[in-house]
Each structure stands twice: as structure tokens, then as C-alpha cells.
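A quick write-up on the structure given underneath.
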Amino acid sequence: MTDTTFRHEPSHSQPLIDAHHHFWALDGQVAYPWLEESPVENFFLGDYAAIRRPFVAADLKRLVPEDFQLVGSVHCEAEAARAQALEETRWITRQQATHALPSAHVGWAAFGTDECAAQLDAQCESALFRGVRAKPVTAATPQTRQSVAGTSGSLQDPRWCEGLALLKERDLSWDLRVPAWHLEEAAATLEDFPGLRVILNHSGLPWDRTPEGLAQWRAGMRALADNANVAVKLSELGTPWHAWDAGANRELLCEVLDIFGPQRCLFASNFPVSGLKVSYGDWLALVTSAIEQTTSADLRQKTLDKVLHDNAIHWYRLPIAAIASPTDAAAVPSSTATTPSITSSTATHKTPTA
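Residues in the sequence shown are numbered from 1 upward in steps of one, following UniProt numbering.
Structure follows, in C-alpha cells:
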């Protein structure tokens with residue numbers, strides 16, 4: 001059962017930017033084989049029939065509690081058919097023009113191929129495009145971690161890692177998603193790419209909740225936190241092997257806040273996927289309660305503002321003006337405000353010329 005004891009209740013609407021969610025219409029414009037064809041085996045949250053249906057901007061907006069105001073968001077690639085990565089970026093750009101969400105898009109490109117550079121350049125034509133989530137080959141369990149080391153597509157594959165260099169050349173970021181037993185390897189790989197902006201997904205995926213597994217997760221998180229160019233999303237603490245435990249998950253969030261510091265932590269929902277385990281409101285309550293638990297009263301609102309919106313603006317270079325704290329009643333935007341429309345002139349990343 002989800003614990004909502006610590007639900008944040010600001011005196012005025014708290015601005016919110018969701019730094020990681022997915023949209024899909026399932027209407028034929030973009031294909032998602034894992035949603036539209038036979039279910040994949042061993043999905044990390046189990047049976048996912050409940051999300052094999054459209055999820056678009058209006059659905060996300062409806063999930064946000066009334067005491068929060070969604071002022072922006074970051075869309076992350078949703079495993080579209082790989083030949084349609086560019087079309088997914090274009091579709092998301094059209095969604096923003098119509099629905100004012102998302103504020104940015106993290107796409108996909110085929111690292112380790114001759115096509116990667118051209119794929120990045122084509123997606124850079126969208127003003128929303130900020131970076132890539134390309135997942136390296138990983139092991140299914142911590143016990144088999146070494147079985148993939150050095151294989152094609154792994155974190156030790158020089159050809160695959162050329163994709164990271166291409167991102168850096170274009171001032172694009174990398175969304176890093178690996179289970180906890182690969183975090184230290186990721187930190188070692190990033191030593192070869194100083195200055196590359198990296199946003200770690202899903203709290204480092206601490207799936208193995210044994211004492212040994214959590215020790216490995218902490219070591220990997222600290223190794224990544226030593227790199228000042230790495231931030232982390234406070235998102236997705238569902239696991240393949242454990243039931244949802246709100247208290248234990250809140251403690252993990254507190255640890256992430258302690259390891260990275262609130263200036264490098266971004267609120268993110270991973271909806272609709274995370275909805276298989278927890279409601280949007282309860283996840284938001286869990287994150288805000290972790291902030292309350294780790295922050296003194298005099299710094300609490302500033303920390304909430306950093307984690308709930310300011311850090312997303314900084315790390316994803318969102319074209320959103322400074323957001324007033326809800327403690328300043330006169331400056332808080334009205335609940336009917338929408339995310340500003342984004343045109344090519346507001347893009348802050350460098351569009352390559354070749």
C-alpha cells in the first residue's frame with residue numbers, strides 16, 4: 001500500500017516540470033512494437049497490459065494533483081520502431097505545437113553505426129531535441145554482469161561509445177539507463193568524455209535490494225556523482241523482484257538526494273510506465289516527502305523549487321522563464337497558464353552544420 005502521509009501541500013500552486021515521461025498515440029503515425037504487437041517477455045515491471053493504450057498530453061495533465069501546476073515536461077523516447085526514431089521526434093514536435101507539451105524531447109540514435117551522425121543531425125532540426133537515450137547492452141542480473149563486458153554494444157565497446165562523442169560535438173546530452181550493477185562501469189566510461197552532459201535515469205535502477213545489491217548501487221551512484229556533469233532523475237523505483245514499498249523507496253530517494261545533492265536531482269515520473277506500480281500523485285508525494293525529510297525547514301521551499309522545476313530547466317536547457325516560488329503569491333502563475341510554445345528561435349542547443 002502506498003504511503004501518502006507526507007503529501008506536500010503548498011499554500012499556492014507549486015510549479016512542476018516532469019523531467020521524464022512518454023507519449024504514444026498508437027494510431028499508426030509511429031509504431032511501437034512492444035505496445036502494439038506481442039508483449040515482450042520479462043518486462044521489468046511484470047504484466048504491462050494496462051499501458052498498452054494511448055497516452056498523450058491530456059492524459060498526463062489529468063494526472064497532476066490540483067495543488068501542482070505542470071509548467072513543462074521532458075519527453076523521453078518510448079522504444080518506437082527503431083527505423084522511426086526521426087518520425088517519433090517529429091511527432092512529438094507536432095504534439096508540442098498543439099498541446100504545449102512537452103518542452104523538450106530526448107530521442108534515440110543507433111550508436112555504433114555509420115548512420116548515427118546523420119540521425120542526430122536530422123533530429124536536431126526539431127527545436128525540442130535535447131539529447132539521446134541509447135541503452136548499452138547490459139546483463140539481466142548482477143551475477144551475470146561480466147558476461148557482457150566488452151561485447152558489441154556494451155559500455156566497453158569503442159565503436160558504440162563513438163555515439164557519446166557525437167553527442168558532445170553537438171552539445172547534446174545522454175540519458176543514461178542501466179541497472180545498478182553497471183553504474184560503476186558507466187562512470188568509468190564517462191571519464192573518456194569530459195564535459196558530456198549526462199542525466200541518469202530512474203534513480204540508478206536499484207533493482208537488487210539485497211544488502212550486497214544496495215551496496216553496489218551506492219558505490220555506483222557515488223562514482224557517477226563524482227562527475228559534476230552527471231545529474232539524476234528521481235524516478236521509477238519499481239523493481240522486477242520486489243513488491244512496491246513506499247517507506248523503503250522514500251529512503252532510497254533520500255540517499256539519492258544526499259549523494260548527488262538537490263542541485264543535481266530532477267523530479268520525473270516515468271509515466272505511464274510507473275503507473276503500473278504507483279499513482280502519479282503518490283509518486284509526487286513520495287519525492288516531496290523525501291525532500292522534506294532531508295532538508296531543513298528554512299531551505300525546504302528552495303529545494304523543492306530546484307528539484308521540481310529549476311534543475312530540469314538547467315539540465316535540459318528548457319526555454320522556460322524563471323519560475324516564481326509559490327511562497328510569492330503575487331508572482332505565482334495562474335492555474336490556467338500553459339507551457340510557452342517553442343519555435344526554432346528558442347532552441348538553445350547547437351544545430352550542426354554538417
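Beta carbons: idealized from backbone N, C-alpha and C, even for Gly.
- The alpha-carbon separation between L237 and L286 amounts to approximately 11 Å.
- Shown here, P240 sits in coil according to DSSP, grouped into three states, outside any helix or strand.
- DSSP places P326 in no beta strand (DSSP E); its state is neither H nor E.
- Using a C-beta cut-off of 8 Å, the stretch 304-314 makes contact with the stretch 62-76, since at least three inter-stretch Cβ pairs fall below that distance.
- Here L196 really is in contact with K168; their C-beta atoms are around 5 Å apart, less than 8 Å.
- Listed as beta-bridge partners of Q69 by DSSP are P15.
- Between R218 and R177, the beta carbon gap of about 18 Å keeps them out of contact (Cβ cut-off 8 Å).
- When the five nearest sequence neighbours on each side are left out, the beta carbons in the same chain lying within less than 8 Å of the beta carbon of T189 are those of L155, Q156, C161, L164, in order along the chain.
- Secondary structure note for L86: its alpha helix (DSSP H) is the uninterrupted segment 85-99.
- In this structure, I92 keeps its C-beta atom at 8 Å or more from the C-beta atom of L63.
- Within the stretch 133-187, the runs of beta strand (DSSP E) at least 3 residues long that lie entirely inside it are, in chain order, 173-176.
- The shortest C-alpha to C-alpha distance from M221 to any of D258, T210, W241, N249 is the one to D258.
- According to the DSSP assignment, K233 belongs to the beta strand (DSSP E) that extends over 230-234.
- A residue is called buried when at least 16 other Cβ atoms come within 10 angstroms of its Cβ; W174 meets this threshold and is buried.
- Here W108 is buried, its C-beta having at least 16 other C-beta atoms within 10 Å.
- Here P15 has Q69, V71, H309, I323 as same chain residues with Cβ atoms under 6 Å from its own Cβ, once five neighbours each way along the sequence are excluded.
- It is roughly 32 Å from the alpha-carbon of A50 to the alpha-carbon of K306.
- With at least 16 other beta carbons inside 10 angstroms of its own, G275 counts as buried.
- From the listed residues Q119, W181, E66, the smallest Cα separation to Q146 is found for W181.
- Counted as a single uninterrupted DSSP element, the stretch harbouring H105 is not any alpha helix (DSSP H) but the beta strand (DSSP E) occupying residues 104-107.
- Residue range 116-123 is occupied by the alpha helix (DSSP H) that includes L120.
- The closest CA to that of L172, considering only I199, R159, S325, is found on I199.
- DSSP, reduced to helix, strand and coil, places L200 within a strand of the structure shown.
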